[in-house]
Amino acid sequence: MFVVRWDCFSFALVFAVSFILSRAEVCNGGRTSSFVRNDQLSNDMPLDSDVFQVPPGYNAPQQVHITQGDHLGKGVIISWITQDEPGSSLVLYRAENSELKSSAEGIVLTYKYFNYTSGYIHHCTIRDLESDTKYYYEVGIGNTSRQFWFITPPEVGPDVAYTFGLVGDLGQTHDSNRTLTHYELNPAKGQTLLFVGDLSYADAYPFHDNSRWDTWGRFIERNAAYQPWIWTAGNHEIDFLPDIGEVIPFKPYVHRYHVPYKASGSTSPFWYSIKRASAYIIVMSSYSAYGKYTPQYKWLEKEFPKVNRTETPWLIVLMHCPFYSSYVHHYMEGESMRVMYEPWFVEYMVDVVFAGHVHAYERSERISNIAYNVVNGLCTPIRDPSAPVYITIGDGGNLEGLVTEMTEPQPSYSAYREASFGHGILDIKNRTHAHFSWHRNQDGYAVEADSLLLHNRYWTVSEESAVAGM
Ligand SMILES: [Fe+2]
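As structure tokens, this is what we get:
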């Protein structure tokens, strides 16, 4: 009698352990953070906040920001706005170790949006810079001039270490300010910021009050004037408001934020690519036509095969709307684009895809869902070592607040999710390894809450595992 009961118990135990192990294989790592933050809506910082102050002096350049100005990282686009008169579009610049000043002439433009007229928006591209060199530059020549600096990236190459920051959906609230401050103070020292869309949230104001584009430009200047921000367009950049006659999508965004799209053979500023250090970064547009035969599709069709992983091992894609998210808000909004492009992500072994839009953080397993053909029923994500990790980082801290409602149970494709504000750091070490970390804003402090040692998809085949999490 005793023997029989023990056998049954043993059997049950073995069965239970086997079941747990088999589940662990399928759902390995899927975790919803227990950290719960105050989810009160964060207000925009008041107009008289110090971060919005107009720099002193007649016609002083304001909203100074830079981005990459060519395909290789030897050029920089410098942009700024003057309010009183057009003034000069000239940029004077010199390398740190040289007294010789060079100059470049930019362009100036303005736009109107309903009852708003912009200041004079200057864009100047400086080219053929030395690699890995600190440059000082000066704008506002002839009136009040201001000086800033940036450091060019090392020459493109497979083992060049480089550190990117990741921010999305930033806005201009007190939480936005915390996120930017934490990024600036991060000891990992991001050298270039990858911005995954939704910039100012000016469209939250009556008639999309474009003066909130100006306050946002002044807010980010303290970082964006000194390191390039690589831009992705989000839905809050569309500014489509036919009721007041504003029918040109993205009008404020394209006037204010220039990108080097022509250098990658693109015909639109909404999709383009750059090489930087050991990374090849492809920016896609969730809010431009992307179906087969569209300009974006045709460009991407030629673009992916161009990536030479022996030159730039790290293939990174930026977009605004995520393909994989398990939050309730915006659930499946990226699905039609996923159906279009996920097969290429797997074929060309994209390392990581960063998106925003969902105001929270989430990291996926390496999974794909590309076998479905309408009739075969194969429509569940599966483990796929050729697939990217998808990271949603739309948690910059804008006035819409966090999304906290998650689909339950946590799907197996979701490795880690947490509804907090924060920023990311992608620290590329060499051709095989990069460290990604996500830093939550917690009680005013930045806390590393999730991280992963990424193994390059082209140069390594081993699976990675999360190395931290709290
Ligand atoms: Fe969005």
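Mind the numbering: the sequence shown is residues -24 to -1, 1 to 446 in mature numbering (1 follows the signal peptide of the UniProt record, and there is no 0), read in order.
C-beta atoms are modelled at their ideal positions from N, C-alpha and C, and glycine is treated no differently.
First and last residue of the uninterrupted beta strand (DSSP E) at residue i
{"i": "T168", "result": "T168 to F171"}
{"i": "F417", "result": "Per the sequence presented here, residue 417 reads as Asn, with Phe not at that position. Here the beta strand (DSSP E) through N417 covers H409 to Q418."}
{"i": "D151", "result": "Here D151 belongs to no beta strand (DSSP E); instead the alpha helix (DSSP H) covers H150 to L161."}
{"i": "Y392", "result": "S390 to E394"}
{"i": "I404", "result": "G398 to I404"}
{"i": "I42", "result": "Q38 to Q44"}
{"i": "S55", "result": "V52 to T58"}
Beta-carbon proximity of residue i to residue j, cut-off 8 Å
{"i": "N374", "j": "H158", "result": "no"}
{"i": "C297", "j": "H333", "result": "yes"}
{"i": "G141", "j": "I401", "result": "yes"}
{"i": "S115", "j": "W189", "result": "First, the residue type needs correcting, since residue 115 is Val and not Ser in the sequence shown. No. Outside cutoff."}
{"i": "L85", "j": "H306", "result": "no"}
{"i": "G173", "j": "E222", "result": "no"}
{"i": "I53", "j": "H98", "result": "no"}
{"i": "S362", "j": "M325", "result": "yes"}
{"i": "P129", "j": "D145", "result": "no"}
{"i": "residue 490", "j": "S312", "result": "Because the chain is modelled from -24 through 446, residue 490 falls outside the range shown and cannot be assessed."}
{"i": "residue 467", "j": "W205", "result": "Residue 467 lies beyond the range of the chain shown here (-24 to 446); nothing can be said about it."}
{"i": "G51", "j": "L17", "result": "no"}
{"i": "E277", "j": "S301", "result": "no"}
{"i": "G6", "j": "Q386", "result": "yes"}
{"i": "A425", "j": "S25", "result": "no"}
{"i": "N199", "j": "Y263", "result": "no"}
{"i": "W275", "j": "S242", "result": "yes"}
Extent of the continuous alpha helix (DSSP H) to which residue i belongs
{"i": "Y317", "result": "E311 to E323"}
{"i": "Y96", "result": "It is not in any alpha helix (DSSP H) - Y96 instead sits in the beta strand (DSSP E) that spans Y96 to I102."}
{"i": "L276", "result": "P271 to K282"}
{"i": "W189", "result": "S187 to A200"}
{"i": "R342", "result": "Per DSSP, R342 belongs to no alpha helix (DSSP H) and is neither H nor E."}
{"i": "V230", "result": "K227 to R232"}
Expected contact under 8 Å - CB spacing of residue i and residue j to nearest Å
{"i": "V132", "j": "L76", "result": "No, V132 and L76 are not in contact; Cβ-Cβ is about 25 Å, not under 8 Å."}
{"i": "L294", "j": "V259", "result": "5 Å"}
{"i": "F195", "j": "V27", "result": "5 Å"}
{"i": "F246", "j": "S261", "result": "4 Å"}
{"i": "T149", "j": "D20", "result": "5 Å"}
{"i": "I117", "j": "L68", "result": "6 Å"}
{"i": "V304", "j": "T383", "result": "6 Å"}
{"i": "Y348", "j": "M316", "result": "Not a contact, Cβ separation roughly 13 Å."}
Contacting residues, own chain, Cβ-Cβ under 8 Å from residue i (five flanking each side not counted)
{"i": "I220", "result": "F90 and F183"}
{"i": "R(-2)", "result": "Residue confidence for R(-2) is low, a pLDDT of 36 falling below 50, so the modelled location carries little weight; the figure read from the coordinates is stated next. Around R(-2): no qualifying Cβ."}
{"i": "V30", "result": "A36, Q38, Q59 and R194"}
{"i": "K166", "result": "In the sequence under discussion, the amino acid at residue 166 is Gly, which differs from the Lys named in the question. T139, F140, G141, Y159, Q203 and I401."}
{"i": "D185", "result": "Y92 and A178"}
Beta-carbon proximity list for residue i, same chain, < 6 Å, skipping 5 on both sides
{"i": "P289", "result": "P134, S254, R407, N432, Y434 and W435"}
{"i": "Y233", "result": "W207"}
{"i": "A395", "result": "A336, L378 and T380"}
{"i": "A239", "result": "D46 and H47"}
{"i": "V136", "result": "P130, A253 and S254"}
{"i": "T168", "result": "F140, Q203 and P204"}
Contacts around residue i, its chain only, beta-carbon distance under 7 Å, and the 5 residues preceding and following it disregarded
{"i": "D360", "result": "V322, R342, I343 and S344"}
{"i": "V2", "result": "Note that V2 scores 36 on pLDDT, short of 50, meaning its location in the model is unreliable; the coordinates nonetheless yield the value given after this. These residues qualify, in order along the chain: S388."}
{"i": "D403", "result": "T139, A164, A410 and H411"}
{"i": "A180", "result": "L375"}
{"i": "F226", "result": "A209, E213, I214 and D215"}
{"i": "S65", "result": "E81, G82, I83, V84, H98 and C100"}
{"i": "T155", "result": "V143, L146, G372, G373, F397, G398, H399 and N417"}
{"i": "D327", "result": "W290, L291, I292, P364, L430, N432 and R433"}
{"i": "V235", "result": "T43, W207, P245 and Y248"}
{"i": "P319", "result": "I346"}
Check: residue i C-beta below 7 Å from any heavy atom of ligand 2
{"i": "G49", "result": "Annotation note on ligand 2: not contained in the displayed structure, which lists ligand 1 as its ligands."}
Name all residues in chain order for which at least one heavy atom of ligand 1 lies closer than 5 Å to the residue's CB. In chain order, the residues positioned with their C-beta nearer than 5 Å to some heavy atom of ligand 1 are D174, G210, N211 and H333.
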